[in-house]
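Visitor: Quick one: the structure is below, and I'll ask about it shortly.
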Amino acid sequence: VITLGGKGSSLSSSSLYAIATGFASLRLDSSALDRLSTPSSNHASPPVQSQFPIPKTLSPLELRAFLTVLLYKLLRSDHSTRLPIRISEALNKFKNSQLDETLELGSIELSKEEASLVEKLYPSGLFGVSAVLDHESAALSAVSDAVAALSCEAIKADVAAVFNSMDSGDGFSAEEEIG
Numbered sequence: 001v002i003t004l005g006g007k008g009s010s011l012s013s014s015s016l017y018a019i020a021t022g023f024a025s026l027r028l029d030s031s032a033l034d035r036l037s038t039p040s041s042n043h044a045s046p047p048v049q050s051q052f053p054i055p056k057t058l059s060p061l062e063l064r065a066f067l068t069v070l071l072y073k074l075l076r077s078d079h080s081t082r083l084p085i086r087i088s089e090a091l092n093k094f095k096n097s098q099l100d101e102t103l104e105l106g107s108i109e110l111s112k113e114e115a116s117l118v119e120k121l122y123p124s125g126l127f128g129v130s131a132v133l134d135h136e137s138a139a140l141s142a143v144s145d146a147v148a149a150l151s152c153e154a155i156k157a158d159v160a161a162v163f164n165s166m167d168s169g170d171g172f173s174a175e176e177e178i179g
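Using our numbering, the first residue of the sequence shown is number 1, and each one after it goes up by one.
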C-alpha cells in the first residue's frame with residue numbers, strides 16, 4: 001500500500017511503477033482527505049459538467065502512471081475537489097484490467113476553477129510516463145553493464161585505460177581547457 005497526500009510525502013519512480021502496474025494499492029492520507037472535504041474559497045463559481053480529458057494514445061500502464069502523477073499534483077494543490085478521490089478509486093478498482101476501456105472519469109462536476117486546475121496540471125501527468133520508462137530502463141542498464149563486462153572479458157580487452165581516467169567531467173581539468 002502506497003500512501004499519497006501526507007505532509008512531506010513524495011512519489012518516487014518505483015512507487016509510481018508499483019501503482020501503475022497494480023502491484024501496490026493506493027491510499028490517500030487522512031490529512032489529504034480532510035483537506036479535500038473542507039470547502040475552500042475556490043468554489044466561487046457554480047459546478048459545471050466538465051469532460052475529463054483521458055489521453056487515448058497511452059497504454060493502460062502509461063495511463064495509470066499518468067493518472068497517478070495527476071492525482072499527486074492535485075493532492076499537493078490547495079484546491080478542495082472530489083477528483084483525487086475518484087482517481088484513486090478508479091486506480092484501485094481497475095488494478096489488473098484494461099484501465100483505458102473501463103475507466104469512468106468522463107463527466108465530472110467541477111467548478112470553473114477546478115477545471116482550470118486540471119487543465120493546468122494535465123501536462124505534468126506525462127512525467128508518469130517518463131517515470132515508468134526510468135524504472136524499466138534501470139534494469140536494462142544493469143544488464144548492459146553485465147554484457148559489456150563479459151564482452152571485455154571474452155576478448156581479453158585491457159580496460160585499465162578506460163577506468164583510470166583522470167577526467168572529472170566538470171570541465172575544470174587541464175585536458176578540458178580550450179585553447
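Quick reminder that beta carbons are idealized off the backbone N, C-alpha and C, glycines included.
Keep in mind the model is a prediction, meaning the values are calculated, not measured.
CB-CB under 8 angstroms to His135, same chain, minus the five flanking residues each way: which ones, in chain order?
Guide: By one-based count along the sequence shown, residue 135 stands at place 135. Cβ within range, chain order: Ser13, Ser14, Leu16, Tyr17.
Visitor: Of the residues Val147, Leu126, Ser141, Ser137, which one's Cα is nearest the Cα of Arg64?
Guide: Here residue 64 corresponds to residue number 64 of the sequence shown, with the count starting at 1. Nearest C-alpha to Arg64: Leu126.
Visitor: Do three or more CB pairs link the region 21 to 38 to the region 86 to 94 at distances below 8 angstroms?
Guide: At 8 angstroms Cβ cutoff, the stretches touch.
Visitor: Would you tell me roughly how many angstroms separate the C-alpha atoms of Asp29 and Val147, rounded to the nearest one?
Guide: Here residue 29 corresponds to residue number 29 of the sequence shown, with the count starting at 1. Here residue 147 corresponds to residue number 147 of the sequence shown, with the count starting at 1. Roughly 43 angstroms between the two C-alpha positions.
Visitor: On the premise that Leu150 lies in contact with Tyr72, defined as a C-beta separation below 8 angstroms, what is that separation, rounded to the nearest angstrom?
Guide: For this step, residue 72 is matched to residue 72 along the sequence shown. For this step, residue 150 is matched to residue 150 along the sequence shown. Between Leu150 and Tyr72 the Cβ distance is about 40 angstroms, and since that is not below 8 angstroms, they are no contact.
Visitor: Should Val159 go down as buried or exposed, given a rule of 16 or more other Cβ atoms within 10 Å for buried?
Guide: Stepping through the sequence shown from its first residue, residue 159 is reached at position 159. Counting Cβ neighbours within 10 Å, Val159 comes out exposed, since fewer than 16 surround it.
Visitor: Write down every uninterrupted run of the beta strand (DSSP E) in the region 100 to 160 whose length is 3 residues or greater and which is fully enclosed by it, in chain order.
Guide: Runs found: 107 to 110.
Visitor: What distance in whole Å lies between the Cβ atoms of Leu75 and Gly5, which are believed to be in contact at a cut-off of 8 angstroms?
Guide: Counted from its first residue, the sequence shown places residue 5 at position 5. Counted from its first residue, the sequence shown places residue 75 at position 75. Contact holds; Cβ gap of about 4 angstroms.
Visitor: Is the beta carbon of Leu26 closer than 8 angstroms to that of Val129?
Guide: Counting from one through the sequence shown, the residue named residue 129 turns up at place 129. Counting from one through the sequence shown, the residue named residue 26 turns up at place 26. It is not a contact, given that the beta carbons lie outside the stated cut-off.
Visitor: Any idea if Ala142 is buried or exposed, counting beta-carbon neighbours within 10 angstroms, 16 or more meaning buried?
Guide: As a working note, residue 142 is residue 142 in the sequence shown. Ala142 should be labelled exposed.
Visitor: With DSSP as the reference, identify every bridge partner of Leu28, one or two as the case may be.
Guide: For the purposes of this step, residue 28 is taken as the residue at position 28 of the sequence shown. BP columns for Leu28 point to Leu4.
Visitor: Which two residues bound the contiguous alpha helix (DSSP H) that contains Phe23?
Guide: Taking the first residue of the sequence shown as 1, we reach residue 23 at position 23. Segment: none, Phe23 is in no alpha helix (DSSP H) and carries neither H nor E.
Visitor: Taking the alpha helix (DSSP H) that Ile54 falls in, what are its first and last residues?
Guide: Here residue 54 refers to the residue found at position 54 of the sequence shown. Note, Ile54: premise wrong, no alpha helix (DSSP H); not H, not E.
Visitor: Beta-carbon separation of Phe66 and Pro84 under 8 angstroms?
Guide: Here residue 66 refers to the residue found at position 66 when the sequence shown is read from its first residue. Here residue 84 refers to the residue found at position 84 when the sequence shown is read from its first residue. Result no, Cβ atoms of Phe66 and Pro84 do not sit closer than 8 angstroms.
Visitor: Leaving aside the five residues before and after Glu62 along the sequence, list all residues of the same chain whose C-beta is less than 6 angstroms from its C-beta, in chain order.
Guide: Position 62 of the sequence shown, counting from 1, holds the residue named residue 62. Once the five neighbours on either side are set aside, the close Cβ partners of Glu62 are Val129.
Visitor: Can you grab the Cα-Cα spacing for the pair Val1 / Ser144, in whole Å?
Guide: Within the sequence shown, residue 1 is the residue found at index 1, counting from 1. Within the sequence shown, residue 144 is the residue found at index 144, counting from 1. Using only the alpha carbons, I get a separation of about 32 angstroms.
Visitor: Whole angstroms are fine: how far does the CA of Lys120 sit from the CA of Ala138?
Guide: As a first step, residue 138 is located in the sequence shown; it is residue number 138 there, counting from the start. As a first step, residue 120 is located in the sequence shown; it is residue number 120 there, counting from the start. Cα-Cα distance, rounded: 30 angstroms.
Visitor: Give me the Cα-Cα distance between Thr3 and Arg82, rounded to the nearest whole angstrom.
Guide: For this step, residue 3 is matched to residue 3 along the sequence shown. For this step, residue 82 is matched to residue 82 along the sequence shown. When rounded, the distance between both Cα atoms is 17 angstroms.
Visitor: For Ser9, which residues in the same chain have their Cβ closer than 8 angstroms to its Cβ, ignoring the five residues on either side in sequence?
Guide: The residue you call residue 9 lines up with position 9 of the sequence shown. Excluding sequence neighbours, Ser9 sits near Thr3, Asp29.
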